[in-house]
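Going by my numbering, the sequence shown opens with residue 20, and the numbers climb by one from there. The structure appears right after this line, and notes come after that.
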Amino acid sequence: MDQMPWQALVFQSLPEGIIITALGLGLLGYYPPFKYVVAIGMINSLFSFFLIRRLPLPFGVHTLIHLCLLVLLIKIIVKKINWWHGVTVVLLSTALLGLAESILIPILLKLSGLTIDQVLRDVWLRVVFPLPHEAVLGILAYFIWRKRISLPGFGTSVRGKGDVGPHD
């Protein structure tokens with residue numbers, strides 16, 4: 020598998036891990052202390068960088084391991100979440116990440132005239148290219164957490180700081 024440079028870990032993977040964790044949890048109405056969200060994002064990104072991405076596995080297996088680890092971390096750290104909600108958090112946030120990437124990366128490639136190979140070969144382009152979709156998802160996550168918005172059937176309309184989730 021492609022080896023991620025440390026700059027991509029620090030400036031792309033770590034923020035992305037925190038953002039998708041916050042986004043998924045918020046959409047399901049879980050608002051644990053934000054330090055838990057940061058811990059989940061950091062641990063998941065570090066495991067991915069130092070272990071998962073270095074395993075000699077076929078394409079796609081790394082992603083499955085990464086997603087399973089994320090579910091496990093959410094379940095362990097956000098204790099009051101059930102397994103199905105943990106899986107839903109991960110699948111929902113990953114789908115939104117994929118959607119944002121699939122819309123914005125081709126636009127950026129077209130506007131810049133670069134190819135994806137050129138971006139992946141240059142350390143700093145690799146960091147800069149995900150910033151627009153991460154910014155969009157980060158703003159969305161912030162808005163969801165700020166307004167305590169969740170999908171219908173999950174959460175409550177208003178939750179206070181430190182509240183964990185819909186089934187406390």
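Idealized CB from N, CA, C, for every residue including glycine.
Shortest Cα-Cα distance from residue 57 to any of 46, 39, 69 involves 39. Going by DSSP, residue 145 is part of the alpha helix (DSSP H) stretching over 142 to 147. Each of 116, 33, 140, 137 was checked against the Cα of residue 69, and the nearest Cα belongs to 33. Using a C-beta cut-off of 8 Å, the segment 138 to 150 makes no contact with the segment 84 to 103, since fewer than three inter-stretch Cβ pairs fall below that distance. Residue 121 sits in a helix when the DSSP states are folded into three classes. Taken atom to atom, the span from the alpha-carbon of residue 97 to that of residue 28 is near 24 Å. For residue 158 against residue 45, the beta-carbon gap comes to about 12 Å, at or over 8 Å, which does not count as contact.
Your pair residue 50 and residue 167 checks out as a contact, with CB atoms roughly 7 Å apart and the cut at 8 Å. Here residue 123 has 151, 152 as same chain residues with Cβ atoms under 6 Å from its own Cβ, once five neighbours each way along the sequence are excluded. Inclusion of residue 63 and residue 92 in the CB contact set at 7 Å is warranted, their separation being smaller than that value. About 5 Å separates the beta carbons of residue 31 and residue 149, which is inside the 8 Å limit, making them a contact pair.
Secondary structure at residue 151: helix, using DSSP grouped into helix, strand and coil. Runs of the alpha helix (DSSP H) lying entirely within the segment 33 to 108 and spanning at least 4 residues, in chain order: 33 to 46, 53 to 69, 80 to 96.
Under the three-state reduction of DSSP, residue 126 is assigned to helix.
Counting only residues of its own chain and dropping the five nearest sequence neighbours on each side, residue 71 has a CB closer than 8 Å to the CB of 81, 84, 85, 88. The three-state secondary structure of residue 113, taken from DSSP, is helix. Residue 165 sits in a helix when the DSSP states are folded into three classes.
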